[in-house]
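Engineer:
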Amino acid sequence: MVSSYSVWSAAAPGDPASISIRSRPGDVIPAGLLGLLVATRVWSAQRVLWHVERLPVPADRGDAFASLAAYLPDAYLGQALAIAVAIPEERPRAEALTALAPHLTADLHAEAVATATAITEPSARVEALAGLVPYLPDEQQTTILRQATATAAAVTDGYWRVRGLTSLATHLPDHQRSTVLRPAVTAIGDASIGENLMYMFGELAPHLPVDLLTEATATACTLTDVGRRAKALVALAPHLPTTALIIQAWTAAEAIVHDDYRAKTMTAVAPHLPTERRPAALQQTLTAASTLTNPYARATTLASLAAHLPDEQRAAALEQALAAADTITDHIYGAALQVEALTSLIPHLPDSRCTAVIRRTLHAAATIRRESWRTIELARLTPHLPTHLRTETLTMITKIRREQWRAMGLAAIAPQLSTGQLPQAVAVADAIQDAYWQAYAIAGLAWHLPSDERTRAVAALTIATPEP
């Protein structure tokens, strides 16, 4: 099946995941536009905050501060905090506090801490306190950190327990990490944490002392669910500090009975083995990847392995992966899988092969019937293209009929467009008829324009919202 579309999961200005607000019917203002409205002074901070306060969906108010907080003048931070405090749902309130935390002046810290402490849902309270800790005076940090760690350890849901403890890990003194983070390591064995969430332990691992990494590796190696075991080992492998732990992870990877999971796990672990063991392990991994019967799995696993192979083996592995990509014929995902596989190969190809493969990938992308998938794969592909060929993905996005996906595509590729390509993208955005999606596209593009053009692009939008 198609892997998760991580292109939509980032939160930088202009990325689709950070542009999600549609306010009440008749109002048109994406979240990503709020910071732009203040930064360009097209709207006053007062007007933007007035609008945020009246967003009917509490979650939208939390999202709004993620876009807005960095651009608010100090004089409006008290008003912004009051709006955050009044959000009726606790998780959006915690998100708003976290977004505001780096920007709050010292006189507002007490109110922010009191608001965070009063949140009754434990994981949301941890999120809010963790966001505030780095910006508090040293003497207050210790108290708040102690409260937050106790709350996080008591969270019953495994996912939120790990997320909370991971958010606190960087603030913990070394002598406390083993004690405080042990519940997060124990959660590796929590069956409620599905295989697709095992990546969390890769975020936690850099903060774990050796004793907990030893415990985490032992737990990962003994997981009975093959998918969870594989993904836990993949997440942990780059962070294992001792030869013994790497070898333990390798032995567990070799023992996985599912071919795809075994090859992917070996691919993640083998490059970290000791120098004397690495060549044989890479050869074994190459054999495992080369014999995968699923062509998508074969192509993408070989792509991941290629960077770690000697030159001669790398060239042969890449050719084999390209051949596998050509045979992908999934009756549901079809060309989308082929494009994803080819895109994973492009960064590893020599210049002599790259242009032809890029052309194949662009051609395959054009044949993806579902516009949402086509948009996503074009957004994945664009960062790997030479600048002059990014015009081709822009042209393909321009031809997408549904304005929602055209706008999302423009916003997603905006960071990769050159100064010469951006005006064309802005013209495409300006031609979008739906005012919300036009604003969405401009919100993604405008951050990459020169300041005067940015202001003009934002000011030209028709934003149908009430005024104070």
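Residue numbers (this note's numbering): 2 to 469. Glycine residues also receive a C-beta, built at the ideal position from the N, C-alpha and C atoms.
1. From H309 to E128, what does the alpha carbon distance come to, in whole angstroms?
2. Quick one: Cα of L241 to Cα of L214, how far?
3. Please confirm whether T1 and P296 have their CB atoms less than 8 Å apart.
4. Less than 8 Å between the C-beta atoms of T180 and G132, yes or no?
5. Measuring CA to CA, which of T187, T223, P275, A236 is closest to P207?
6. In its own chain, which residues sit with a C-beta less than 7 Å from the C-beta of A153, not counting the 5 before and 5 after it?
7. Cβ of G228 within 8 Å of Cβ of Y262?
8. For Q284, which option in T244, Q314, W438 has the closest C-alpha, if you only look at C-alpha atoms?
9. Return the Cβ separation of A412 and A442 in integer angstroms, given the expectation that the two are a contact with Cβ distance under 8 Å.
10. By DSSP, does V156 sit in helix, in strand, or in coil?
11. By the three-class DSSP mapping on this structure, what secondary structure does T292 have?
12. Given a cut-off of 8 Å on the beta-carbon distance, is the pair L318 and L350 in contact?
13. Can you tell which of D139, E90, A253 has its C-alpha closest to the C-alpha of A119?
14. Can the beta-carbon of R375 be found less than 8 Å from the beta-carbon of I401?
15. Where do the N-terminal and C-terminal ends of the alpha helix (DSSP H) with H273 fall, by residue?
16. Skipping 5 residues on each side, what residues in its chain have a beta carbon closer than 7 Å to that of P184?
17. Would you kindly work out how many angstroms separate the C-alpha atoms of V429 and T463, rounded to a whole number?
18. State buried or exposed for D352, treating a residue as buried only when at least 16 other CB atoms are found within 10 Å of its CB.
19. Considering only their Cβ atoms, is the gap separating A221 from S230 smaller than 8 Å?
20. Apply the 10 Å Cβ neighbour rule to A33 and answer buried if 16 or more other Cβ atoms are within range, or exposed otherwise.
21. Taking the C-alpha atoms as reference points, what is the distance between L37 and A307?
22. Tell whether a beta-carbon distance below 8 Å holds between V39 and L73.
23. Pick out the complete alpha helix (DSSP H) segments inside the segment 322-382, 4 residues or longer, and give them in chain order.
24. Check for me: the alpha helix (DSSP H) holding D453 runs from which residue to which?
25. Whose CA, out of P387, A300, W251, lies closest to the CA of T266?
26. Using the beta-carbon count (16 or more within 10 Å), is D64 buried or exposed?
27. If we ignore side chains and look at the alpha-carbon of each, how far apart do P348 and T383 end up?
28. Please identify the residue among S452, I189, A415, A408 whose C-alpha is closest to the C-alpha of D431.
29. Would you report the Cα separation of A367 and D331, rounded to the nearest angstrom?
Structural biologist: In short:
1. Within the sequence shown, the letter at position 308 stands for residue 309. Within the sequence shown, the letter at position 127 stands for residue 128. When rounded, the distance between both Cα atoms is 38 Å.
2. To locate residue 241, count along the sequence shown from 1; it is residue 240. To locate residue 214, count along the sequence shown from 1; it is residue 213. Cα-Cα distance, rounded: 7 Å.
3. The chain is shown from 2 up to 469; residue 1 falls before or after that span and cannot be answered.
4. Taking the sequence shown and counting its residues from 1, the one referred to as residue 180 is at position 179. Taking the sequence shown and counting its residues from 1, the one referred to as residue 132 is at position 131. Cβ distance not < 8 Å, so T180 and G132 don't count as in contact.
5. Residue numbering aside, residue 207 sits at position 206 when the sequence shown is read from its first letter. Measuring from the Cα of P207, the nearest candidate turns out to be A236.
6. Walking along the sequence shown from the start, residue 153 turns up at place 152. Closer than 7 Å at the Cβ level, and outside the excluded window around A153, lie V127, R162, G165, L166, L169.
7. The count along the sequence shown starts at 1 and reaches residue 228 at position 227. The count along the sequence shown starts at 1 and reaches residue 262 at position 261. Cβ distance < 8 Å, so G228 and Y262 count as in contact.
8. Locating residue 284 in the sequence shown gives position 283, where the first residue counts as 1. Among T244, Q314, W438, the Cα nearest to that of Q284 is on Q314.
9. On the sequence shown, position 411 is the one that residue 412 refers to. On the sequence shown, position 441 is the one that residue 442 refers to. Contact holds; Cβ gap of about 6 Å.
10. Numbered from its first residue, the sequence shown carries residue 156 at position 155. Coil.
11. Against the sequence shown, residue 292 aligns to sequence position 291. Reduced to three states, the DSSP call for T292 is coil.
12. Against the sequence shown, residue 318 aligns to sequence position 317. Against the sequence shown, residue 350 aligns to sequence position 349. According to the sequence displayed, residue 318 carries Ala and not Leu. Not a contact, by the Cβ cut-off of 8 Å.
13. As a position in the sequence shown, residue 119 is number 118, starting the count at 1. Closest option to A119, Cα to Cα, is E90.
14. The count along the sequence shown starts at 1 and reaches residue 375 at position 374. The count along the sequence shown starts at 1 and reaches residue 401 at position 400. A contact, by the Cβ cut-off of 8 Å.
15. Position 272 of the sequence shown, counting from 1, holds the residue named residue 273. No alpha helix (DSSP H) contains H273, which DSSP labels as neither H nor E.
16. Translated into the one-based positions of the sequence shown, residue 184 becomes position 183. Taken in chain order, the residues that qualify are A154, R162, L166.
17. By 1-based counting over the sequence shown, the position of residue 429 is 428. By 1-based counting over the sequence shown, the position of residue 463 is 462. About 16 Å.
18. Position 351 of the sequence shown, counted from the first residue, corresponds to residue 352. Result: exposed.
19. To locate residue 230, count along the sequence shown from 1; it is residue 229. To locate residue 221, count along the sequence shown from 1; it is residue 220. In the sequence under discussion, the amino acid at residue 230 is Arg, which differs from the Ser named in the question. Yes, the pair counts as a contact, with Cβ atoms nearer than the cut-off.
20. Start at 1 with the first residue of the sequence shown, and residue 33 comes out as number 32. Note that residue 33 is Gly in the sequence shown here, rather than Ala. That one is buried.
21. Position 36 of the sequence shown, counted from the start, is the residue given in the question as residue 37. Position 306 of the sequence shown, counted from the start, is the residue given in the question as residue 307. Their backbone Cα atoms lie some 42 Å apart in a straight line.
22. Here residue 39 refers to the residue found at position 38 when the sequence shown is read from its first residue. Here residue 73 refers to the residue found at position 72 when the sequence shown is read from its first residue. Yes, these two residues count as a Cβ contact at 8 Å.
23. 336-346, 352-367, 372-382
24. Sequence index remark: in the sequence shown, residue 453 carries index 452 (1-based). It spans 452-460 - the alpha helix (DSSP H) in which D453 sits, taken as one unbroken run.
25. The sequence position of residue 266 within the sequence shown is 265, counting from 1. Taking only the C-alpha atoms, the option nearest T266 is W251.
26. For this step, residue 64 is matched to residue 63 along the sequence shown. The residue is buried, with at least 16 neighbouring Cβ atoms inside 10 Å.
27. Indexing the sequence shown from 1 puts residue 348 at position 347. Indexing the sequence shown from 1 puts residue 383 at position 382. Taking the straight line from one Cα to the other gives about 12 Å.
28. By one-based count along the sequence shown, residue 431 stands at place 430. Measuring from the Cα of D431, the nearest candidate turns out to be A408.
29. Within the sequence shown, numbered from 1, the residue matching residue 367 stands at position 366. Within the sequence shown, numbered from 1, the residue matching residue 331 stands at position 330. If I take the Cα positions, the gap works out to 17 Å.
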